[in-house]
Amino acid sequence: MGGGAGINQLFQQAFYGSGDLDDGAIEGLLVGARRLAVAAYFAHELERGGGDFVASGGLVRDPQNFNAAAHAFILGRNGMEIDRRTFLIGATAAAQDRPIPIIDAHIHLFDPTRPQGVPWPPKDNAILYKPALPERYRKIASPQGIVGAIEAECSTWLEDNQWVLDVAAKDSIIVGTVGNLEPGKPEFRAQLERFHKNPLFRGIRYGDSLWDRHLGAEIQKPQFIAGLKALAEAGLVLDTVGADASLIGEVARVTDKVPGLRVVIDHLPQMHPLPDLRELGNRPQVYVKVSEVLLRLENGSVPANVDFYRDTLEQLWSVFGEDRLLYGSDWPNSDLWAPFDVELNVVRPFFHGKGRVAEEKFFWKNSVAAYRWVKRESGQPPV
Ligand SMILES: [Zn+2]
Numbered sequence: 274m275g276g277g278a279g280i281n282q283l284f285q286q287a288f289y290g291s292g293d294l295d296d297g298a299i300e301g302l303l304v305g306a307r308r309l310a311v312a313a314y315f316a317h318e319l320e321r322g323g324g325d326f327v328a329s330g331g332l333v334r335d336p337q338n339f340n341a342a343a344h345a346f347i348l349g350r351n352g353m354e355i356d357r358r359t360f361l362i363g364a365t366a367a368a369q370d371r372p373i374p375i376i377d378a379h380i381h382l383f384d385p386t387r388p389q390g391v392p393w394p395p396k397d398n399a400i401l402y403k404p405a406l407p408e409r410y411r412k413i414a415s416p417q418g419i420v421g422a423i424e425a426e427c428s429t430w431l432e433d434n435q436w437v438l439d440v441a442a443k444d445s446i447i448v449g450t451v452g453n454l455e456p457g458k459p460e461f462r463a464q465l466e467r468f469h470k471n472p473l474f475r476g477i478r479y480g481d482s483l484w485d486r487h488l489g490a491e492i493q494k495p496q497f498i499a500g501l502k503a504l505a506e507a508g509l510v511l512d513t514v515g516a517d518a519s520l521i522g523e524v525a526r527v528t529d530k531v532p533g534l535r536v537v538i539d540h541l542p543q544m545h546p547l548p549d550l551r552e553l554g555n556r557p558q559v560y561v562k563v564s565e566v567l568l569r570l571e572n573g574s575v576p577a578n579v580d581f582y583r584d585t586l587e588q589l590w591s592v593f594g595e596d597r598l599l600y601g602s603d604w605p606n607s608d609l610w611a612p613f614d615v616e617l618n619v620v621r622p623f624f625h626g627k628g629r630v631a632e633e634k635f636f637w638k639n640s641v642a643a644y645r646w647v648k649r650e651s652g653q654p655p656v
């Protein structure tokens, strides 16, 4: 293996990506730091999964593989040789059964109690008009397995880009923010440069139905397109959202004009029924947030079972596949539909049914590809 990799790095590789473990990493774990790494690895896995396995009798689905993992752990703990095959079977078994860390690619932060107030939400919204800060989010999200979140703008005030960055600086559950700047404005580049200095600033949001702005009209203007090119050159993302099917063609035209720009469409499931998405299907730089999935029926109820939403999810899957769909809760906006865990428990079984690789992509790997967010806590997967 490449001799420079430290034990932590190898451990991270083994822990988070056993599917991607290359020969070098395996050799490193087996040879260089065998005793420590293997013992630590399986000790950790058994603590997390093994105890539950004993209690539930089912977390590790294949008892034979569990036995292999346990065997490898005992050998490693006692400082004994572990052959490559034992290690691989054990590592694979442990990896397949560990919980998948979740990055929530869409939450909002605001504080109506601050002196200057907020442009959104409105005062008369009893559900939303209270502080939405990382501390409250963490309490709700952590028990669901969420280890990080990307904030999406909810204010047109320039200094609120800074306010979010300042709030995020104090809580490492926030791994990025998508701000609010206008690419068509003369001051755009200077503002972009200013906020992009902070690595947590991962892009901007601009779209129909937001702040009375109109993407379709703006993309006719050379200055707007030049702004988007600057955004792409900075490696940042354009988030967009709209209630009208015309958004789909507009996003296609954005990517025609600025092919290097990654675009994330927010809340697409709210377009109901879904428009024809095939035009976007063959554009690999276009991602879709599977957020705001829940629908309110005419009788006021909000169905909470995956089967009700399966056709919509399957349509998105058939167009965008396993590499371009991301999880986003839209907290605290989601409270307008249902408690936080309801939507998660709609999308989780759907993506679980697509297999472990797809589930990991949906819950965190695709958000790395789209946003290149910043890992800030040890419980967050590597970027
Ligand atoms: Zn939102």
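Residue numbers for the sequence shown follow our numbering, so the first one is 274 and each next one is one higher. Think of the CB as a built atom: it goes at the ideal place given N, C-alpha and C, for glycine as much as any other residue. These numbers come from a predicted model, not from an experiment.
When you measure from the CB of residue i to every non-hydrogen atom of ligand 1, does any distance come out below 7 Å?
i, result
"D603", "yes"
"N606", "yes"
"H469", "no"
"H381", "yes"
"A425", "yes"
Please report how far the alpha carbon of residue i lies from the alpha carbon of residue j, in whole angstroms.
i, j, result
"S640", "N471", "19 Å"
"G533", "E491", "18 Å"
"T450", "Y644", "9 Å"
"V579", "Q464", "42 Å"
"Q389", "K494", "34 Å"
"L541", "A518", "10 Å"
"I376", "N398", "28 Å"
"R321", "A631", "The predicted position of R321 is uncertain, since its pLDDT is 49 and thus under 50; a value taken from the coordinates is nonetheless stated next. C-alpha separation (whole angstroms): 22 Å."
"P385", "P404", "6 Å"
"P374", "K443", "22 Å"
"D549", "L438", "37 Å"
"C427", "F383", "8 Å"
"A313", "V524", "With a pLDDT of 49 at A313, under the threshold of 50, the predicted position of this residue should be treated as unreliable, and no value is reported."
"E633", "G421", "14 Å"
"A577", "S591", "22 Å"
"N453", "R526", "21 Å"
"A516", "P546", "11 Å"
Is residue i near residue j, with beta carbons less than 8 Å apart?
i, j, result
"T513", "R478", "yes"
"W604", "F613", "yes"
"L599", "F635", "yes"
"A441", "E424", "yes"
"L473", "V656", "no"
"V611", "V575", "Note that residue 611 is Ala in the sequence shown here, rather than Val. In contact: A611 and V575 (Cβ atoms closer than 8 Å)."
Runs of alpha helix (DSSP H) lying entirely within the region 443-521, each at least 4 residues, in chain order: 461-469, 488-491 and 495-506
The region 408-421 touching the region 451-466, judged by at least three CB pairs closer than 8 Å: no
Within the region 528-583, ranges of the alpha helix (DSSP H) (whole runs, at least 4 residues): 551-554
4-residue-minimum alpha helix (DSSP H) runs that sit fully inside the region 405-445, ordered along the chain: 407-414 and 431-442
Three-pair Cβ contact test at 8 Å for the region 560-568 versus the region 523-539: yes
Continuous alpha helix (DSSP H) assignments of at least 4 residues falling wholly in the region 590-634: 613-625 and 629-633
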